[in-house]
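Asks: Under the working numbering, the first residue of the sequence shown is numbered 8, with each subsequent residue one higher. Cβ atoms here follow ideal geometry from the backbone N, Cα and C, with glycine treated the same way.
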Amino acid sequence: MMPRRSALRVGALLLACSGAVPSGVSAQQADAPDSVLTLIEALARAIGSHPSLRVAEADYDAAGADLTRARADWLPQLSLRASLTQHQEPMIAYPLHELSAEVLPIFDRTLIQGGVDLGWKLFDGGGRTARIRSSRARTEQAAASRVAATTQLIIDVTRGYLGVLSTAEVLAALDEHLVALDAERTRVRQLLEQGQAAEVERLRVQAALAQADAERITTAATLDAAERSLARMLGLAPSAVRASRLAPVRLATPPLPARTTLVERLDSANATVIEARHAAESAEWARRAASATWWPRLEGFGGYGLWAIPDGNVQLEWQVGVRVSYPLFTGGDRSGAVAGATAQAVRARERLALVELTTRERLDYALTASREQRARAEAVAAAVRHLTEVTRIERLALETGTGTQTDFLRAEADLHRARAALVQAEYGELLAQLELANTTGDLSMDWLSRTLETTP
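(1) So which of 370, 111 and 248 has the shortest CA-CA distance to residue 265?
(2) Select from 46, 47, 65 and 118 the residue whose C-alpha is nearest the C-alpha of residue 321.
(3) Tell me, please, which residues DSSP counts as bridged to residue 98.
(4) Decide if residue 399 is buried, meaning its Cβ has at least 16 other Cβ atoms within 10 Å, or exposed.
(5) Any idea what DSSP makes of residue 124, helix, strand or coil?
(6) Is residue 286 near residue 148, with beta carbons less than 7 Å apart?
(7) Classify residue 161: buried if its beta carbon has 16 or more other beta carbons within 10 angstroms, exposed otherwise.
(8) Checking 7 Å against the spacing of the C-beta atoms, do residue 278 and residue 154 come in under that value?
(9) For a test of the three-state rule: what should DSSP assign to residue 28, helix, strand or coil?
(10) Could you give the distance in angstroms between the alpha-carbon of residue 74 and the alpha-carbon of residue 136?
(11) Given a cut-off of 7 Å on the beta-carbon distance, is the pair residue 430 and residue 366 in contact?
(12) Rank 312, 216 and 92 by C-alpha distance to the C-alpha of residue 419 and give the top, closest one.
(13) So, is residue 423 buried or exposed, given that buried needs 16 or more other C-beta atoms within 10 angstroms?
(14) Judging by CA-CA distance, which residue of 390, 132, 114 and 180 is the nearest neighbour of residue 333?
(15) Which two residues bound the contiguous alpha helix (DSSP H) that contains residue 366?
(16) Closer than 6 Å by C-beta to residue 390: which residues in its own chain qualify, once you throw out the five before and the five after it? Chain order, please.
(17) Note down the Cα distance separating residue 198 from residue 434, rounded to an integer number of angstroms.
(18) According to the Cβ coordinates, are residue 165 and residue 229 closer than 7 Å?
(19) Let me know the secondary structure DSSP gives residue 314 once reduced to three states.
(20) Note down, in chain order, each residue of its chain lying with its Cβ closer than 6 Å to the Cβ of residue 140, except the 5 sequence neighbours on either side.
(21) Suppose you measure from the CA of residue 405 to the CA of residue 416; what does that come to, to the nearest Å?
(22) So for residue 259, helix, strand or coil by DSSP?
(23) Just the Cα atoms here: how many angstroms apart are residue 227 and residue 167?
(24) In angstroms, rounded to a whole number, what distance separates the CA positions of residue 61 and residue 440?
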């Protein structure tokens, strides 16, 4: 149905996306209280059940069926016919080839006719070949679309999985922040009871707690929405994809290849580019097939006919011949078909150019984003280390009476924001690497296994 090289490439990628990994956890296993769902298991489950891939599979099967139909045009057409006709007046019952005294026509009101007809198209201006090549290109296009749907599902599930984990980590950092603020509130209450603190200190910590509580409510709602979204993609209950039941992952930080290397991969392996390329090829062959209608059509035919009447008198006769046909006037249908096919070919070529331009822009963006997020993660990690020490010192100073509550609350808030930024930067780098791999056509289960590490 497709050239061997393309078939092997598509088959290898689909194997890496589905068959090379376990089929995923079952719904019963996922509902077990102590079960842990890894990213690879989540992806395998989504690939095995998500409707988007079933749609892509159906499109591929439909394209293959169209190719089979197009190839059938090269084969002879064999048909069987039969009829029973009742006439008001007697009709001639058998073919009459001569008029003589020895051969007299036979008449009857009921005529029985049948036969076997064989026909084969000898020449159609290349339309038959063009239609086959157009269908073959559409099959390749559908195969590339199937790969694109698989990689897009990998991105969506991974983004949802990381969204749950990152939001849960932000929520955990916020809970630590609340614990620290609650401890400060207890300290202030004790000092107020002893007359050693001002009322403004209590108000200040109460305001910080109220703000943190509001932020926690928003973060918890975001986490719940992220868990439900991931559960829908996996076909599981929301309780099966709680953050506590997802195995954390981290980036193994492989070195980034040079841009020229990435562009070469993009041109040869990006599923969207391949799909657009085959779409342009299919449209061009469809244009040639439409143009072939301006040529005459030559057909060979033959058959074996039967004529009979109810009394059992039967006559058999064969015939063979060659037929040439050419429509002289079609009311503009032929010209319109060629013009439409030409416009579609131009559209497909321009779409290919647009896809190539867009994917290169996405490559540059993903490459820049990956480098930016990595540098940002390193910088924020250093900031978290420093702010952790600053917060510890400010707390000690506050407890010994040498510091101020304002400085401590500011340091605590800065530490919380830095921890949240670190989580976002780490997962942002991972998503940037994911988008880069998708753009270059490297994204697969195997790539994820090599690039991501499951952490305890």
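Replies: The relevant details are as follows:
(1) For the purposes of this step, residue 265 is taken as the residue at position 258 of the sequence shown. For residue 265, the closest alpha carbon among the candidates 370, 111 and 248 is that of 370.
(2) Counted from its first residue, the sequence shown places residue 321 at position 314. The shortest C-alpha to C-alpha distance from residue 321 to any of 46, 47, 65 and 118 is the one to 118.
(3) Taking the sequence shown and counting its residues from 1, the one referred to as residue 98 is at position 91. Per DSSP, 115.
(4) The residue given as residue 399 occupies position 392 in the sequence shown. It counts as exposed.
(5) Looking up residue 124 in the sequence shown gives position 117. Note: residue 124 maps to strand in three-state DSSP.
(6) Along the sequence shown, one-based indexing puts residue 286 at 279. Along the sequence shown, one-based indexing puts residue 148 at 141. Annotated as proximal: residue 286 and residue 148, with beta-carbon spacing under 7 Å.
(7) Counting from one through the sequence shown, the residue named residue 161 turns up at place 154. Label assigned to residue 161: buried.
(8) Residue 278 sits at position 271 when you count from the first residue of the sequence shown. Residue 154 sits at position 147 when you count from the first residue of the sequence shown. Yes, the pair counts as a contact, with Cβ atoms nearer than the cut-off.
(9) One-based indexing of the sequence shown puts residue 28 at position 21. Confidence at residue 28 is low in this model, with a pLDDT of 42, below 50, so the placement of that residue is unreliable and no value is reported for it.
(10) Walking along the sequence shown from the start, residue 74 turns up at place 67. Walking along the sequence shown from the start, residue 136 turns up at place 129. Spanning the two alpha carbons is a distance of roughly 11 Å.
(11) The residue given as residue 430 occupies position 423 in the sequence shown. The residue given as residue 366 occupies position 359 in the sequence shown. Not closer than 7 Å, so no.
(12) Start at 1 with the first residue of the sequence shown, and residue 419 comes out as number 412. Closest option to residue 419, judged by alpha-carbon separation, among 312, 216 and 92: 216.
(13) The count along the sequence shown starts at 1 and reaches residue 423 at position 416. Residue 423 should be labelled buried.
(14) Residue numbering aside, residue 333 sits at position 326 when the sequence shown is read from its first letter. Of the candidates 390, 132, 114 and 180, the residue whose Cα lies closest to the Cα of residue 333 is 132.
(15) Counted from its first residue, the sequence shown places residue 366 at position 359. Segment 340 to 407, the alpha helix (DSSP H) holding residue 366.
(16) Here residue 390 refers to the residue found at position 383 when the sequence shown is read from its first residue. Residues 425 of the same chain have their beta carbon placed closer than 6 Å to that of residue 390, with the five preceding and five following residues left out of the count.
(17) Position 191 of the sequence shown, counted from the start, is the residue given in the question as residue 198. Position 427 of the sequence shown, counted from the start, is the residue given in the question as residue 434. One Cα belongs to residue 198, the other to residue 434, and the distance between them is close to 42 Å.
(18) Working through the sequence shown from its first residue, we reach residue 165 at position 158. Working through the sequence shown from its first residue, we reach residue 229 at position 222. No; because the gap between Cβ atoms is not below 7 Å, this pair is not in contact.
(19) For this step, residue 314 is matched to residue 307 along the sequence shown. Secondary structure of residue 314 (DSSP, three-state): strand.
(20) The residue given as residue 140 occupies position 133 in the sequence shown. Closer than 6 Å at Cβ, skipping near neighbours: 292.
(21) The residue you call residue 405 lines up with position 398 of the sequence shown. The residue you call residue 416 lines up with position 409 of the sequence shown. Between residue 405 and residue 416, the C-alpha separation is close to 10 Å.
(22) The residue given as residue 259 occupies position 252 in the sequence shown. Shown here, residue 259 sits in coil according to DSSP, grouped into three states, outside any helix or strand.
(23) Walking along the sequence shown from the start, residue 227 turns up at place 220. Walking along the sequence shown from the start, residue 167 turns up at place 160. Distance between the alpha carbons of residue 227 and residue 167 is about 15 Å.
(24) The residue you call residue 61 lines up with position 54 of the sequence shown. The residue you call residue 440 lines up with position 433 of the sequence shown. So the two alpha carbons sit approximately 27 Å from each other.
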